[in-house]
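Residue numbers (UniProt numbering): 1 to 140.
And the structure:
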């Protein structure tokens, strides 16, 4: 199968995409500015793999299966991130494991690494005053 995507494609919403289909995005991942993974069937490490290839990402929407590890990767590779929305994943999908939870560890990494962040709505499983202080200190 030979797929051709528009050259100026920079916003993408993916429904029911799993890890096997993910490599289709790699050739143009660096030009993606907005990525909606709310309905993608990706686990924590899949998020990490994809996010590393999207350094120009400005908007990300996903579920809490991204986990702290995914937020750490986001903080390391996506310095231009401006908006982040993380919703609670459906428990019955079996996609949530102990790695796929967002806590203060991920929020602190995010605050320190993505200092252009202007908006975030995050479903967290554990939060402390320290993480809220980091958000207040580092973010716009």
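Don't be surprised by glycine CBs; every beta carbon is placed ideally from N, CA and C.
When DSSP states are grouped into helix, strand and coil, residue 120 belongs to the strand group. Counted as a single uninterrupted DSSP element, the beta strand (DSSP E) harbouring residue 86 occupies residues 83-87. In the DSSP assignment, residue 12 is bridged to 35.
Note on geometry: alpha-carbon atoms of residue 73 and residue 38 lie some 18 Å from one another.
Taking the C-beta atoms as reference points, residue 112 is found no nearer than 8 Å to residue 128. Residue range 67-77 is occupied by the alpha helix (DSSP H) that includes residue 73. CA-CA distance, residue 52 to residue 89, rounds to 22 Å. Less than 8 Å divides the Cβ of residue 30 from the Cβ of residue 55. Assignment of beta-bridge partners to residue 60 by DSSP yields 35, 84.
If you ignore the 5 residues before and after residue 110, its C-beta comes within less than 6 Å of the C-beta of 71, 75, all in its own chain and listed in chain order. For residue 137, same chain residues with a beta-carbon under 6 Å away, outside a window of 5 residues either side, do not exist.
Residue 46 carries a helical assignment under DSSP once its states are collapsed to helix, strand and coil.
Per DSSP, the unbroken alpha helix (DSSP H) holding residue 113 starts and ends at 104-113. Spatial neighbours of residue 114 in its own chain (CB-CB distance under 6 Å, excluding positions within 5 residues in sequence) are listed in chain order as 75, 81.
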